[in-house]
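Residue numbers (numbering that gives the first Met the number 0), protein chains in the order written: chain R, 0 to 362; chain H, 0 to 362; chain L, 0 to 362; chain A, 0 to 362.
Idealized CB from N, CA, C, for every residue including glycine.
As structure tokens, the structure follows; a few thoughts come after it.
Number of protein chains: 4
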Amino acid sequence: MPGNTFGHIFRVTTWGESHGRAVGCVVDGCPAGLEISENAIQKELDRRKPGGRLASKRKESDRVEILSGVFNGKSLGTPVSMLIWNRDVDSRPYEEIKDLFRPGHADFTYWAKFGIRDWRGGGRASGRETAARVAAGAIAKLILSRFGVEIGGFAREIGGIACSTDGMSFEEIVDRAEKSDIRCPDEEAARLMEEKILEARRDGDSVGGVVEVIVKNPPAGLGEPVFGKLDAHLAFAVMGVPAVKGVEIGAGFKASRMRGSEHNDPIVIKNGRIGFESNNAGGILGGISNGENIIVKAAIKPTPSISKPQRTVNYRKMVEEEIIVKGRHDPCIVPRAVPVVEAMVSLVIVDAMMMQGLIPRFL
Amino acid sequence: MPGNTFGHIFRVTTWGESHGRAVGCVVDGCPAGLEISENAIQKELDRRKPGGRLASKRKESDRVEILSGVFNGKSLGTPVSMLIWNRDVDSRPYEEIKDLFRPGHADFTYWAKFGIRDWRGGGRASGRETAARVAAGAIAKLILSRFGVEIGGFAREIGGIACSTDGMSFEEIVDRAEKSDIRCPDEEAARLMEEKILEARRDGDSVGGVVEVIVKNPPAGLGEPVFGKLDAHLAFAVMGVPAVKGVEIGAGFKASRMRGSEHNDPIVIKNGRIGFESNNAGGILGGISNGENIIVKAAIKPTPSISKPQRTVNYRKMVEEEIIVKGRHDPCIVPRAVPVVEAMVSLVIVDAMMMQGLIPRFL
Amino acid sequence: MPGNTFGHIFRVTTWGESHGRAVGCVVDGCPAGLEISENAIQKELDRRKPGGRLASKRKESDRVEILSGVFNGKSLGTPVSMLIWNRDVDSRPYEEIKDLFRPGHADFTYWAKFGIRDWRGGGRASGRETAARVAAGAIAKLILSRFGVEIGGFAREIGGIACSTDGMSFEEIVDRAEKSDIRCPDEEAARLMEEKILEARRDGDSVGGVVEVIVKNPPAGLGEPVFGKLDAHLAFAVMGVPAVKGVEIGAGFKASRMRGSEHNDPIVIKNGRIGFESNNAGGILGGISNGENIIVKAAIKPTPSISKPQRTVNYRKMVEEEIIVKGRHDPCIVPRAVPVVEAMVSLVIVDAMMMQGLIPRFL
Amino acid sequence: MPGNTFGHIFRVTTWGESHGRAVGCVVDGCPAGLEISENAIQKELDRRKPGGRLASKRKESDRVEILSGVFNGKSLGTPVSMLIWNRDVDSRPYEEIKDLFRPGHADFTYWAKFGIRDWRGGGRASGRETAARVAAGAIAKLILSRFGVEIGGFAREIGGIACSTDGMSFEEIVDRAEKSDIRCPDEEAARLMEEKILEARRDGDSVGGVVEVIVKNPPAGLGEPVFGKLDAHLAFAVMGVPAVKGVEIGAGFKASRMRGSEHNDPIVIKNGRIGFESNNAGGILGGISNGENIIVKAAIKPTPSISKPQRTVNYRKMVEEEIIVKGRHDPCIVPRAVPVVEAMVSLVIVDAMMMQGLIPRFL
């Protein structure tokens, strides 16, 4: 099946090319009676939008318009169509290199798959497409918050610098991250990360990092074994975010180096209910949520657009050439990837809660 | 949607509990005219089955029977139903602990989700379910090999010991791994890994590791952006394998610590075609295969069943108790997980090739 | 997507050829905690099985075996796998005509689609496949009856003879139909219908008819506009039953000859709730159930297997030949089609109730 | 799953309310390299749009805008987003009756399902939603015509007056229908139908009819047994069109009154290929196309909006009241339903051809 729809009961379809007329999405399966405003959506979009000291210079207000599915401020249970016009489009830097495949980008693979490609700004493969995901995720978050579930993310690592959140509550992590230019809740680490980013920019290069997203207070029982496990759906959602090369749940790869006695989380009684003393599982056992916070990590590769010369192929002439990628790019995409990964996690959790019968058709 | 079906055009539905009458699967969407024999399926099942020096002592011949979809040795294009009877079932060790949730297992979460659970041998959450996946994957491999695509896996790491495959061809890796008791192609590392496993067993404990699977010679153009990316489907497939806590494509988490100039694979002309000089991308760019080998890694947690005493809860009495898990278990599941991860990867690749129109409805 | 799975949340996958080893199904998404016994399933299967004065002479006990998903008499929420062995298989009459395409059958089209076919007894296209549907439908009925919804069907018309149910309650219709050899609740009409069937058999010919199924006491609010309407799903389900050539909801084609003032059902207050005075809509408005009984009719074509000589083609010699179809056939399939159409309707209603959040994950 | 997406490989998601800001659709899975222009889409939309002697007086230019997925006049293989602004919106006549459920409409059922409804012009349940289907269907037709498959429809019956197409070729039927105000290719019948419509309008009433759609020159082999039959998908698609109460394939309900010897289409050799002498099957056997033209009929109920007083309920006061429905309505929706049913049939055929591997990913 074509890949532009996500989810089963809460379903999102996105569309749009980076330098086309607009990007947008259709959210189907939103419960009726939910208060939805363009402002609430906009708040999330503003977290993702370009600009700032360390990001791309493309100027997009990313103003969302709701075209359907909301009547008198409430969702109707019918599809919510949202649209963001592309305003600050400058395709010239791309025109010069339209016969060259940019290394690390999807230029070659789109061409191999479709036999044609929109070379303007990466077309459909541009990070700009994620604006539509964030808009959809904003609705998911509105629903989740009605049920006491919160989603928050931050930059766990950038340019090889990891941060510590030891002793911080969910709220502290999230608040500090939002106050940081690069969404890192640990001030000391943040300073070092910024240095890495600026250094890379100076060198015409880029760095990557790790985004971590926490689901606070999820109900136990989410996820559909044996293929449709909650962690499998999270992995699907997060690996599908541009630039992600790895996904971990809980202890992740570290778990593979632990012993069973060390990794198994003891089961205990907490506040009169069954719970877990530690959380190496990241809130998921056997593919089903266990009621503890869900922890997801995503490895983000360094931005492929760099101004250093690189080797590539001119496919019309079928010769190897050197390429220098211009355009307006982020030397590190991690901070802006945070709300995108959050959005994808939100979509998964809402969908799983609906599947489990925890969200009614009208609120 | 319930989670027991995998895939879109090549679709597999598995069923069965560990100590029920049987486990099995239905493969829908298999092209017609494919030569399928029980022997070919059995060969793959034998790679997963229990027994051997370092594995569970459950004695299952795991003999597969094909009940439909094959006529005169060839697939009909109709569903292929396969069944494996459960023979060596001993539920007594489980009866004693049926009111206790085993740490690291899905006992608690199945109960939280379904309000009922089959406590015999882990029920549906048992690793035994993966026999059905391997049977389905065997058919996928038969199809792939008709199109020159091979899938091979091995133990990349066990108990913290990593192996090296530098300089080995795909065929060497696979051959050596199959000759090794623990599916490790590097003899020196294999020796150390075995020690780690035996040590853990002596301690009543367990170890984990990393499975790596390589897709050799995949066509470019597989994968459906933007949500249905090839790597997203691989992550979904592999994260859904029991005990997996992390998935990487290509350089994976290492990519997050590289610079763009280091990570981007130069695009070159190889044998008159466009290719890549290195393979940090793991064969996938923008969610679409680029024609290089596809590299997937899975972090396998240590087997949760250990004989060391652990803390847990008796849910009928709602008190904390100590549990000692008996039964027949593998101190390290990594070697037996290799054919399972291979099977899941095979399902994804066949499905993606069908979606791309590369496999006809009859062969 | 391949076509052997039905439903979204309550999902059924069937498999098996008429003269293969067995037929069966896997039911995924069944709520946990439902009492399921082989006897309850068998009761429905016995209503479909061959035998009797007016039906095929194939002797099949159609004994169902449950292989998974049920533990201590209750569903686990995991897949319920059911199997019916094929016993009384006689493929000889088919061997003689295996190079000829039987008119009115799927012989030619399976060959055109798959390039290969199982010519024994119609293979996958045989009516025998519907046994698996009935087994799955039996579970759906068990769930529905827990929520006060009943499904009943009967032969509305056979060989051009229509019956009347004026003044009969749902229970009367169903009881009388079950007592009749041909599932017709109107004794006088039943007598005439039988004559038509016997007459056709004497002539080496066959007749068709109309099956009507009633859903008693459905909740309002089922169905997903705009494509996934309840009537659209019913049409999909029922048109997919072998031999069905038309589907009607409520007044059906008669509605197309009515005026609006005549067809619109007046909305009234009944027992303090909003209801409808008449039921031309057949319980569905705008694709959503309105709380009145749902009425579905299916046009069943005359059995294509007739012993009269017919013109066809020998595809190996590519010449026109005459064919006389032997084997054991029903001169009229309508009575045995009743439980099949009921089963399909049951699957749709359960699925729609789950989608609407009216059936919990565990009962 | 929510119901606003149609299709599997060629997938259409529609959105929009009648008196909201716009209606639109997203077409995913369109092959790359197809020439698509707004003009080609507009041509189909103009066939559906209101106006004319016998239709609603709402004035909508129904001007389509393509927002994505097309670059330099060719499809990219990415989602094609299309939008039609709502211009001539007048919600006043609906405001007066917003607490009354209009008989024959979805007012009550949307309220029962969603607990909220957009009462302006029928909201999402309005026929206006079908504009988006027609836009999507227009792309499907462009693809089909590349493969020699044509889709044409006409009014087979209106107000009880049936027309004859005996002796007319597909092209004649289609051409004559398009020249007729009510899409009836038989001039004599058309005159009588018009009288019926005008008579009904004079009486403040409405009439229904039957739409017939023909697929010319389809390949054999389309459709996925056993649930995903081609006729089942057609029934799903067509029953989901507003106001449809019945669907027939080929001889339809007439088949239920025929004998087998009469209904079975003789198999013959035509032009050196296997074909059928007659077409009672309507081009489909065993759920798979047989290469003959596919014939689908839809029973359209009389327009529910009539100006005659009707009985209904005021749901806020919970009392029975009389309602007189104003607004701008068609006394007979059949002529405008023709392009809508054609669109739905086109979507099914394209999807089935893709599933059968007959349409490449790039043209």
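Using CA coordinates, which residue listed in the options is at the minimum distance from residue i?
i, options, result
"ALA231 of chain R", "H:PHE361, H:PRO102, H:MET343", "H:MET343"
"ARG258 of chain H", "R:ASP350, R:ILE305, R:CYS29", "R:ILE305"
"ASP89 of chain L", "L:GLU59, L:GLY203, L:GLY72", "L:GLU59"
"GLU321 of chain A", "A:PHE252, A:PRO265, A:LYS307", "A:LYS307"
"ILE8 of chain H", "H:ASN38, H:ILE65, H:THR77", "H:THR77"
"ASN71 of chain R", "A:ASP117, A:GLY286, A:LYS244", "A:ASP117"
"PRO338 of chain H", "H:LYS73, H:VAL79, H:PHE113, H:GLY151", "H:GLY151"
"HIS18 of chain H", "H:GLU170, H:ALA154, H:GLU171, H:GLY121", "H:GLY121"
"LEU229 of chain L", "L:GLY2, L:ASP27, L:MET353, L:ARG360", "L:MET353"
"GLY239 of chain H", "H:ILE40, H:VAL69, H:ALA297", "H:ALA297"
"GLY356 of chain L", "L:GLY227, L:ALA199, L:ARG335, L:GLY222", "L:GLY222"
"ARG155 of chain L", "L:ILE172, L:ARG256, L:MET81", "L:ILE172"
"THR129 of chain L", "L:ILE268, L:MET317, L:CYS24, L:TYR314", "L:CYS24"
"VAL295 of chain R", "R:ARG310, R:ALA199, R:ALA250", "R:ALA250"
"SER179 of chain L", "L:ASN85, L:ILE268, L:PRO334", "L:PRO334"
"GLN309 of chain L", "L:ILE287, L:ASP174, L:PRO102", "L:PRO102"
"ASP27 of chain L", "R:VAL318, R:ILE268, R:VAL225", "R:VAL225"
Output needed for residue i: all residues of its chain with C-beta closer than 8 Å, excluding positions within five of it in sequence on either side, in chain order.
i, result
"ILE196 of chain A", "LEU53, ILE157, GLY158, ILE181, VAL206, PRO330, CYS331"
"ALA161 of chain R", "ARG155, ALA188, VAL209"
Give the straight-line distance between the Cα atoms of residue i and residue j, rounded to the nearest whole angstrom.
i, j, result
"ILE358 of chain H", "ASN216 of chain H", "15 Å"
"ARG62 of chain H", "ASN38 of chain H", "10 Å"
"PRO184 of chain H", "LEU44 of chain H", "20 Å"
"ILE293 of chain L", "GLY220 of chain L", "12 Å"
"ARG91 of chain H", "LYS325 of chain H", "10 Å"
"ALA176 of chain L", "LEU284 of chain A", "30 Å"
"PHE252 of chain L", "ARG119 of chain R", "53 Å"
"TRP14 of chain L", "ALA234 of chain L", "22 Å"
"PRO49 of chain L", "ILE40 of chain H", "35 Å"
Report the partner residues of residue i according to the DSSP bridge assignment.
i, result
"ASN71 of chain R", "DSSP, once it has assigned bridges, lists no residue as partnering ASN71 of chain R."
"TRP84 of chain H", "H:ALA21"
"VAL318 of chain R", "R:ASN313"
"ILE248 of chain L", "L:VAL295"
"SER125 of chain A", "DSSP output for SER125 of chain A lists no bridge partner at all."
"GLU149 of chain L", "L:LYS215"
"SER156 of chain A", "Looking at the sequence provided, one finds Glu at residue 156 of chain A rather than Ser. A:ALA161, A:VAL209."
"PHE275 of chain L", "L:ILE266"
"LEU99 of chain L", "L:ASN313"
"GLY227 of chain L", "L:GLU223"
Please list, in chain order, all residues of the same chain as residue i whose beta carbon is under 6 Å from its beta carbon, the five residues on each side excluded.
i, result
"GLY6 of chain A", "LEU346, ASP350"
"TRP110 of chain H", "ARG116"
"GLU341 of chain R", "ILE150, GLY152, VAL212"
"GLU291 of chain H", "PHE275, ASN278, GLY282"
"LEU362 of chain H", "PRO30, GLY32, LEU33"
Please work out which residues of its chain come closer than 7 Å, Cβ to Cβ, to residue i, disregarding the five sequence neighbours upstream and downstream, and give them in chain order.
i, result
"PRO303 of chain A", "ARG101, PRO102, GLY103, HIS104"
So, do the segment 139-154 of chain R and the segment 29-38 of chain R have three or more beta carbon pairs nearer to each other than 8 Å?
yes
Measuring CB atoms only, is the segment 120-139 of chain H touching the segment 95-115 of chain L, in the sense that at least three cross pairs come out at less than 8 Å?
no
Check whether the segment 186-205 of chain R touches the segment 239-248 of chain R, counting contact only when three or more Cβ pairs, one atom from each stretch, lie closer than 8 Å.
no
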